[in-house]
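One structure is given here, and the rest of the page talks about it.
Numbering (this note's numbering), first residue to last: 11 to 201.
Here is the structure:
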């Protein structure tokens, strides 16, 4: 399945400018995948920015417009700001999700050893259609871990969506999961 990118809009243009200004860091870094890169895209700098997070939610909802899901989440920490922004954008603009309420969930990296010992926090996703999100992904490892956890919890994963596609497309496509992104590296001038 080919990747689907966000449609052009004033919000997408504004978010792109914010990402370029605040989230792209140049210099040698080691990514969570263990790979070395000449730049880092720190999307928490926009996803946790009170003036930019609403744009993240709106653009991501535009990116997956037409998909039928009622919960959004992924592997902590990269997915958390994205899922929260989408949940709040859906509450502010219910027309973007067909008037439905959108819940968010968090997939822990490992099960909790105390309390309820849950791997997935938030409203129960068993029997629900969910969207797995991530801020950016190079190898697809984080979103695929979240996909597996959501399926194990009894959810139906309808797609994976990221703010910036950094190279995970082949992994997501090989799994047969629809893949959506707001931006490519070329959009950021990094390809």
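Beta carbons are placed, not taken as given, at the ideal position from N, Cα and C, and that holds for glycine.
All values derive from a computational prediction rather than experimental measurement.
Asked	Found
Flag this pair as yes or no: are the beta carbons of residue 150 and residue 181 separated by less than 8 Å?	yes
With a CB to CB cut of under 7 Å and the five nearest residues on each side skipped, what residues in its chain are close to residue 24?	65
Hey, out of 17, 201, 20, 195, whose CA is closest to residue 145's CA?	195
Using a 10 Å radius around the Cβ and a threshold of 16 neighbouring Cβ atoms, would you call residue 21 buried or exposed?	buried
Fully enclosed by the region 74-114, which beta strand (DSSP E) runs are 3 residues long or longer?	81-85
Buried or exposed: residue 45, going by 16 or more other Cβ atoms within 10 Å of its Cβ?	exposed
Suppose you measure from the CA of residue 104 to the CA of residue 94; what does that come to, to the nearest Å?	15 Å
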